[in-house]
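Residue numbers for the sequence shown follow my numbering, so the first one is -3 and each next one is one higher.
For reference, the structure discussed in these notes is given below.
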Amino acid sequence: FMGVEKIESSKLMIVATATSFFGTIFVGYVSQIIGRRKAMGVFAASAVILAIPVIYGLYHATFFYERAIYVMIVVFVATTGFGAIPAFLSERFPTEIRNSASGFVYNGGLFFGALAPIVALNLLSDANDLIPFLLGFNIILGSVILLIGTRVNPETKNVDIEK
-3 FMGVEKIESS
7 KLMIVATATS
17 FFGTIFVGYV
27 SQIIGRRKAM
37 GVFAASAVIL
47 AIPVIYGLYH
57 ATFFYERAIY
67 VMIVVFVATT
77 GFGAIPAFLS
87 ERFPTEIRNS
97 ASGFVYNGGL
107 FFGALAPIVA
117 LNLLSDANDL
127 IPFLLGFNII
137 LGSVILLIGT
147 RVNPETKNVD
157 IEK
């Protein structure tokens, strides 16, 4: 879609993966301090605000380092908010069913998350000028779902999980 060579695409994927890895660890650490809901909510709200402008900048970037900066920003705000989810899920369920329930919910999320590229590619197939907006909308949709989850579930930080 963006006319990026294969080698540059590979390098950008490395940048994205490294950013997501370290960002997820960072958000997991931050969630220990400010709480799971706040950590997830802050990053999801940031993704809602920044998704379209950053994707638009990425789409129109011409140099590798410029693209890499945009990739780091969009990946940091869009994916690292999920770093607190494993702890959040494991603290949401009683001890007797904790592993089964967490695994079911987490893998259900992975299944539906795996559908996002299919939806995005279908949206993008005939919409050349709208590509940045549709990709941004895809990120916004996922972030809004995460925000809803943070609002309807109680905070789990410092909750006695032996119950």
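Where a beta carbon is used, it is the ideal one built from N, C-alpha and C, also for glycine.
State buried or exposed for residue i, treating a residue as buried only when at least 16 other CB atoms are found within 10 Å of its CB.
i      : result
Ala47  : buried
Asn95  : exposed
Phe107 : exposed
Thr13  : exposed
Met36  : buried
Val148 : exposed
Thr58  : exposed
Phe39  : buried
Ile21  : exposed
Ala74  : buried
Ala110 : exposed
Would you kindly report the start and end of the unbroken alpha helix (DSSP H) that includes residue i?
i      : result
Leu142 : 127 to 148
From the DSSP output, in three-state form, read off residue i for me.
i       : result
Gly(-1) : coil
Ala112  : helix
Ser121  : coil
Val155  : coil
Gly31   : coil
To the nearest whole angstrom, what separates the beta carbons of residue i and residue j, a pair I think is in contact under 8 Å?
i      : j      : result
Ala123 : Asn134 : The pair is not a contact, with the Cβ atoms about 12 Å apart (cut-off 8 Å).
Ser16  : Thr76  : 7 Å
Can you find a CB in chain C that lies within less than 7 Å of the CB of residue i?
i      : result
Arg147 : This model lacks chain C altogether, as it is built from one protein chain only.
Let me know the alpha helix (DSSP H) ranges lying completely inside the region 40 to 109, each 4 residues or longer, listed in chain order. Listed in chain order, they are 60 to 75, 81 to 88.
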